Amino acid sequence: MKKIRLLILLPVFYGIFCFLIIGCGGKKEKNKLNSQIEYEFEREMIIYDFGNGSTEKVELYIDKLNDTIGNQVFAYNNEIIDYSKSLFYELSIEKIKSSNEYNGIIKYHFNPNNEGKLIGFTFTVISKTEKKTDFINFENYDKIKNQLEFKFKNNSDTIVGHIHSQHTMDIKNNEEKIRFREIFISVDNYTKTNNPFTKGLR
1 MKKIRLLILL PVFYGIFCFL IIGCGGKKEK NKLNSQIEYE FEREMIIYDF GNGSTEKVEL
61 YIDKLNDTIG NQVFAYNNEI IDYSKSLFYE LSIEKIKSSN EYNGIIKYHF NPNNEGKLIG
121 FTFTVISKTE KKTDFINFEN YDKIKNQLEF KFKNNSDTIV GHIHSQHTMD IKNNEEKIRF
181 REIFISVDNY TKTNNPFTKG LR
């Protein structure tokens with residue numbers, strides 16, 4: 001009786017063993033492919049301490065030659081964000097179940113006294129699916145809620161895009177003039193990226 005049970009169980013153990021070997025091999029191949037991806041930029045934060053509780057965090061994009069490109073600026077007073085000296089975005093996304101679609105919200109923080117009145121805002125995100133790659137523009141920025149809601153298709157939860165904002169400010173220096181300013185900010189949600197928009201910030 002014991003021999004019969006043993007003969008029955010041996011194929012089962014063998015099948016489980018083969019499944020584990022194949023599964024581990026598949027994971028190794030996947031990890032190998034991920035490790036082979038070359039990224040052009042890596043995002044890092046550099047902190048400046050000015051004393052008296054005043055600090056500033058600057059987001060840098062660092063390329064393979066260790067050249068740096070400044071992006072977002074976060075100013076703090078006693079660890080509390082100082083919006084009057086900061087320029088940054090907030091990003092959140094959520095996958096729609098059983099689909100390759102994502103809902104997202106992006107908020108743009110700036111100081112009107114420094115940058116001027118916001119008159120135009122475009123958020124561009126790269127949409128990658130099995131069939132094609134698209135650059136999708138969203139311009140429906142809600143100034144009351146200070147946010148833009150967007151929806152797009154993508155193979156993964158990786159966000160690669162940029163913000164293009166336009167500002168104007170009245171300048172009174174003997175005569176009235178209007179200053180026009182454009183701001184470009186790269187948008188990513190992972191540390192390593194191949195964001196093509198960052199190249200234009202050089």
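In UniProt numbering, the protein residues as written are 1 to 202. Using N, Cα and C, we set each Cβ at its ideal position, and we do this for glycine too. Here the structure is a predicted model, which is why all the values come from computation and not from measurement.
Whole angstroms are fine: how far does the CA of Thr122 sit from the CA of Asp157?
As a first step, residue 157 must be located in the sequence shown, where it is residue number 157. As a first step, residue 122 must be located in the sequence shown, where it is residue number 122. Near 21 Å, if we compare the C-alpha coordinates of Thr122 and Asp157.
Measure the C-alpha to C-alpha separation of Gly161 and Arg179 and round it to an integer number of angstroms.
Residue numbering aside, residue 161 sits at position 161 when the sequence shown is read from its first letter. Residue numbering aside, residue 179 sits at position 179 when the sequence shown is read from its first letter. Going by the C-alpha atoms only, they are around 27 Å apart.
Is the beta carbon of Ser165 closer than 8 Å to that of Ile144?
The residue given as residue 144 occupies position 144 in the sequence shown. The residue given as residue 165 occupies position 165 in the sequence shown. No; because the gap between Cβ atoms is not below 8 Å, this pair is not in contact.
Measuring straight from C-alpha to C-alpha, what distance separates Arg181 and Phe197?
Residue numbering aside, residue 181 sits at position 181 when the sequence shown is read from its first letter. Residue numbering aside, residue 197 sits at position 197 when the sequence shown is read from its first letter. Approximately 18 Å between the Cα atoms of the pair.
According to DSSP, simplified to helix, strand and coil, what is Asn173?
Here residue 173 corresponds to residue number 173 of the sequence shown, with the count starting at 1. The answer is strand: DSSP assigns Asn173 an E or B state.
Give a yes or no on whether the C-beta atoms belonging to Asn194 and Glu40 are separated by under 8 Å.
Looking up residue 194 in the sequence shown gives position 194. Looking up residue 40 in the sequence shown gives position 40. Cβ distance < 8 Å, so Asn194 and Glu40 count as in contact.
Output needed for Ile185: all residues of its chain with C-beta closer than 7 Å, excluding positions within five of it in sequence on either side, in chain order.
Sequence index remark: in the sequence shown, residue 185 carries index 185 (1-based). The residues are Asn71, Gln72, Tyr89, His162 and Ile163.
State the start and end residues of the unbroken beta strand (DSSP E) segment that holds Phe197.
One-based indexing of the sequence shown puts residue 197 at position 197. From DSSP, Phe197 is part of no beta strand (DSSP E) but of the alpha helix (DSSP H) over Pro196 to Lys199.
Tell me which residue opens and which closes the beta strand (DSSP E) that Glu115 is part of.
The residue given as residue 115 occupies position 115 in the sequence shown. Unbroken run through Glu115 is the alpha helix (DSSP H), Pro112 to Glu115; no beta strand (DSSP E).
Starting from the C-beta of Lys57, find all residues in its chain whose C-beta is less than 6 Å away, skip the five residues before and the five after it, and write them out in chain order.
For the purposes of this step, residue 57 is identified with residue 57 of the sequence shown, where counting begins at 1. Excluding positions up to five away in sequence, the list reads Met45, Ile47 and Phe74.
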